[in-house]
Each structure stands twice: as structure tokens, then as C-alpha cells.
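**Student:**
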Amino acid sequence: MNRSGHSVRYAISPLLASKTPVWRSKFIVASIALGFAMLAGRAVYVQVIDNRFFQHQGEVRFARTLELPASRGHILDRNGLILASDIPAPSIWAIPEDVDLDDPAMAPKLKKLAELLGMPLADVSRKLAEDKSFVWLKRQVEDPIAKQIAALDIKGIYQRREYKRQYPEGEAAAHVAGFTNVEDVGQEGIELAFDKELSGKAGSRRVIKNRLGAIVEDMGDQVPPLDGQDIQLSLDDRVQAVAYEKLRDAVVANKARAGSAVVVDATTGELLAMANYPSFDPNDRRKMTGEQLRNRAMTDVFEPGSTMKPITVATALQLGRITPQTVIDTNPGHITVAGATIHDDENFGVLTTETVIQKSSNVGATKISQRMTPKEMWDSYTSLGFGQKPQTQFPGAVTGRLRPWKSWRPIEQATMSYGYGLSASLFQIAHAYTAFANGGKVIPITMLKTTEPPVGVPVFSELVAAQVRKMMHMAAGPGGTAPLAQTEGYSVGGKTGTAHKQVGRGYASNKYRAWFTGMAPIDKPRIIVAVMIDEPSNGQYFGGMVAAPVFSEVVQQTLRMMNVAPDLAVKPLVVTKGVEESF
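If you read the sequence shown in my numbering, its first letter stands for residue 11, the second for the next number, and so on.
1) Three-state secondary structure (DSSP) at Asp133?
2) Leaving out five residues on either side along the sequence, give the residues of the same chain with a beta carbon under 7 Å from the beta carbon of Val249.
3) Mapping the DSSP letters down to three states, classify Val192 as helix, strand or coil.
4) So Gly51 is in the alpha helix (DSSP H); what residue range does that whole segment cover?
5) Roughly how many angstroms separate the alpha carbons of Pro405 and Leu327, rounded to a whole number?
6) For the alpha helix (DSSP H) containing Ile367, name the first residue and the last one.
7) Within its chain, find whatever has a CB closer than 6 Å to the CB of Asp10; leave out the 5 residues flanking it on each side and keep chain order.
8) Applying the criterion that 16 or more other CB atoms from any shown protein chain within 10 Å of the CB defines a buried residue, is Leu494 buried or exposed?
9) Would you tell me roughly how many angstroms separate the C-alpha atoms of Ala445 and Thr392, rounded to the nearest one?
10) Would a C-beta distance cut-off of 8 Å place Gln368 and Met484 closer than the cut-off?
11) I'd like the span of the alpha helix (DSSP H) that includes Ile378, first residue to last.
12) At a Cβ threshold of 8 Å, is Pro400 touching chain D?
13) For the structure I just gave you, are there three or more beta carbon pairs, one from the stretch 395 to 412 and one from the stretch 337 to 344, closer than 8 Å?
14) Name the residue from Glu356, Asp544, Leu578 and Gly490 whose alpha carbon lies nearest to the alpha carbon of Gly554.
15) Between Asp259 and the rest of its own chain, which residues show a CB-CB distance below 6 Å, the 5 nearest in sequence each way excluded?
16) State yes or no: is the C-beta of Arg411 within less than 8 Å of the C-beta of Leu436?
17) Does the Cβ of Ala579 have 16 or more other Cβ atoms within 10 Å, making it buried, or fewer, making it exposed?
18) CB-CB under 7 Å to Leu329, same chain, minus the five flanking residues each way: which ones, in chain order?
19) From Ser95 to Asp108, what does the alpha carbon distance come to, in whole angstroms?
20) Check each candidate in Leu123, Phe144 and Lys142 and name the one with the smallest Cα separation from Val596.
21) Locate the beta strand (DSSP E) running through Arg175, then write down its first and last residues.
22) Go ahead and label Met482 buried or exposed: buried means 16 or more other beta carbons lie within 10 angstroms of its beta carbon, across all protein chains shown.
23) Judging by CA-CA distance, which residue of Lys451, Gln150, Ala475 and Ser471 is the nearest neighbour of Pro464?
24) Could you tell me if Ala348 is buried or exposed, where buried requires 16 or more neighbouring beta carbons within 10 angstroms of its beta carbon?
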């Protein structure tokens, strides 16, 4: 209505009365249709023709590849007992931006979470503030703990399926089994040596997750994990436990720094036990130190002292330079070689080759070495593995030291005859003694259970091996240096060693290593046992007093476990007083 009160008659408006061109309406309709066609074409292009870019962008935001961890293989002893295995141990992680820290109802849940994780609440809060998208709260928690955490139902807190290594034998077999890190990768021992075989291969699962981290769809086929292989060792868990227990008791009783023991099947070369003390618990690695981790039987080298005398004598016997009854005059109890004087503990007078070993005469060993050339001695020593890298699957085995024979001076040839001037590990000494137990053939020592007979390398004749075993039997009997090595029911033989420890360029006057290496039963040996005690300081330090008793106890229990029939009908006489031994 206008101001004059008259209404406008729109039907006769000139604008409405004008005719619109037909092409304009057609243009508008065509434009709308073209727009829809372009949108449809774009949709087809994006979703059908060239969708890779957009699929990739979508996958980056929502698709995830989940690793399906493989279970690590077991480490087993020769009888199938488990030395190492995997147990479920979920790891707890979080998407911090999804955890509502401002919600009052969340406070008690977070407090309970911290308690279950064994962490202060402040540490949990700090971790949740580190990163908005992802943070580990704790790796490998116990399965019951993980279930309690899941029951809290805290938004943004998740779990990942993982495994944790468990070692049922703990300290006793720690240096053999070794251990893994938190990623289940081998770090020491068999775990490291056979990491590839034990590890297996992880599987995978491709999924789509929503913004809350929940899986909403699987993508493609799942690749199942391939579990690791089991590794069966030659180790006997029962023998290992005995060796560790007796060694530990001897180290503690003698107030020693450390000790090692090696037990070898003399007929197959299989390692039945390898113990070290101090040891560590591979199930709890928070207090590990370098001293505890060292597998001393493999990695520590030392001058073997008088345990070399049977080898020196065997070499001379093999060359025909002496016989078991050859007379060796050790008067007056010392000998001078190139200006240096070599002593015995006492003047043993006139000895035979047999009694040189029985009494452990340095002078007698020196005079026997003078009947050979340096090259002849060097050839024999190297044939037995001295100065050579041990052929073993175990990591960290050391070579030791044996200088080329061309550089030997007369005094060095003399001292090497009784174990000074060269170095070897306890493992190497046990390996060398396989020649006396196997008719003169040195055989390889294996860590794995085997049914194949060992291939030996001839070093001595069967006669020489038998002659030296008789001498070692005398050394472990009345009148010898180690009557405490005798074992009830079984004949034994072996050789003691006691050496001053090297300190810098010289030798410490009050620090010793004591050891005993031997075998039983003596006529047909089934086991070789080598024992070393480092720095005994409780009044006794001779190998015959410190290491020989460990040998005796290990031999007796091991042979019974192996069902070896006793070869002695009566209890042997054990001499406990007035025992002395040569260096």
C-alpha cells in the first residue's frame, strides 16, 4: 500500500509484463547441470581413476600396521629342561592428548595406575606431558598387573602385546644362557650366540583406527608371526647346579675374589657345565655389574702354572726323549737358566718322570724341557689349542697368548714347561686335557647337544695318554699334591696349579690363582673337570687345598648322575694334613 492508501497492482507491473528470453532459463539449468556433472566427474576421478594420493592421505591419518611379535625360542638343557623362555609381558603406552587430566574423576584412576606401574604419580604425569601423540609408560609389566590396568578403563591408556624373558635357573646358569634386552634381543651368552635362530620373525596386521585409537577395520591379509627356534644345549642342568653350588661355597669359604668351573663329557666333547661366581640373576638386571657379567671361564686368561707339566711331559714322551722311569736329578732343589734361578718348594732329590708330576717339580719340568727344541714344544702346545681361538659357538672366547717359538729365550722355554710365560682360559685348559682322556686325540668342545661322535686330532699316542693319566692319578693320590681330589667310589687323576698373579710387569707376592684340572674314572675317563679359584685369602692358596675339593665333589655327583659305575670298591684314604704343592 502506498502513502495515498492506494494499493499497487503488481499484475500490471511493466517488469512482470516483460517477457524473459528462453535462452536465459536454459543457461541457468545447463549451468546447474554442468556443476553437478563436474562434481560427479571429480568424485569419479578422486574415488576411482586416481585415488592413490587420497588413499595415502587417509592411511597416514587412520591406517596402522600393527606388529605381531614372535615368541622367542626356548633354550633347553640336554634333558629338555627350560633354561630360558618367553612369558607374556604387555607394555603400557598412552596417547596423552586423549587422557583428560582435568577431569576430577580421573585423579583416583591415575593414582591407582601409578601404583600398579610402581611409579610416583608425578612421574606418570610428567610422561603424559612429554608428547601429545605417543609415550611409553612402562615396558613389560607382569600379566596380572596389565589386566588390572585394563580394568581401570582410562581413556587414552593402551597396551601392546610383548614378551619377557624368564630364566628358571637364575644365577646358576646365567653366564651360559645369557640374557636379552627389553626389545628381546640377545645381549650375552647363548641368547647372543644364537639370537638369529631364537628370535623368529614378527608378523603384521594392517588396520584402520578411528581418532580414539580403536580398531574399526582390517585391511588385507594378516601375516602371522614365525616363532623362534628352540636351542638345545649339551648342558646338564643338574650338573650345572652342582658345579655352581660347590664353586660358590669354595669361593666364600676361601674368601676368594672369584672362581670358575668347567665340566666336559670326555667322550663326546659336550659341555655339561660352566659355572662362574660371582654371578647375576638374569631375571633382575637392575644391579648388574661388569664383574658379575664376566664369563671368567671363557674370557679370563691366566698363566696356567703346573697344569702345563703333564703336557710338557707328554710331549717329551711322544718324541721319545724320556720314558716314565727316566731319572731326573732335581738336586739341590733349584736350577739356574740364563742367569735366572728356578726353585722347587723343597729339594725333591732324584725323581723319575712319574714323580716329577706327582711332586710337581719345577726343576724336573725344566730339565725335561731342555731335551726338546722350542719348536717341538710350540707345535705340541698349539696342537692342543693354546694360542688358538677356541672353536666354540659361545661368544667372547679369548685366544690367550703363546709367543712364536723363534722368539723364545732359554729361560722362557724353561718357564713355559711349568706354565709361566703363556696364558690360557680355563676353557682352553679343559679342552687340552681331552687329549689325555681320548687316547691322545684332542676333541672339540661343543655347547650343543650332539649324537655324532667327535672327530679328534691326534697329538699323542694312546700309550703316552695312558702313561700321563697314570702320573696324574699319582698326583691326586697319597704322596701327591692333591689327595683332596680323591672321590669316593671313583678313581681320579689330575694336576694342580698355583701361580702368582701378574701385576703390571711383575708378580704379586701375596696374590694367587689356584686350580685343578683332572678326569675320572682314570682308566676310562667319562668327564673332565677344571676348577679355578681367584685370589683365595683365608690362609690356603694351593690348588690342591683350594680347588681340588671342588673337583672331588663335582666328579662324585656328576658321575652318579650319569649312571657311571664306581670303579673303586673301598673308600679312599684322604690326607688332610701336611699337604704341600709346587708352583
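Each residue gets a CB set at the ideal place from its N, CA and C atoms; glycine is no exception.
**Tutor:** With the given structure in hand:
1) Asp133 falls in the helix class under three-state DSSP.
2) Result list for Val249: Val273, Leu282, Ala283, Thr568 and Met571, in chain order.
3) The DSSP-derived three-state label of Val192 is coil.
4) Val32 to Val54
5) 36 Å
6) Thr363 to Lys369
7) Only positions 11 to 593 of the chain appear in this structure, which leaves residue 10 out of reach.
8) buried
9) C-alpha separation (whole angstroms): 13 Å.
10) A contact, by the Cβ cut-off of 8 Å.
11) Unbroken alpha helix (DSSP H) run through Ile378: Asn372 to Ser379.
12) Reference to chain D is not applicable here, since this structure consists of a single protein chain.
13) With a cut-off of 8 Å on Cβ pairs, the stretch 395 to 412 is not in contact with the stretch 337 to 344, counting fewer than three such pairs.
14) Nearest Cα to Gly554 within the set Glu356, Asp544, Leu578 and Gly490: Gly490.
15) none
16) no
17) Counting Cβ neighbours within 10 Å, Ala579 comes out exposed, since fewer than 16 surround it.
18) Met382 and Glu386
19) 36 Å
20) With the chain covering only 11 through 593, there is no way to say anything about residue 596.
21) Tyr173 to Gln176
22) Buried, because 16 or more other Cβ atoms sit within 10 Å of the Cβ of Met482.
23) Lys451
24) exposed
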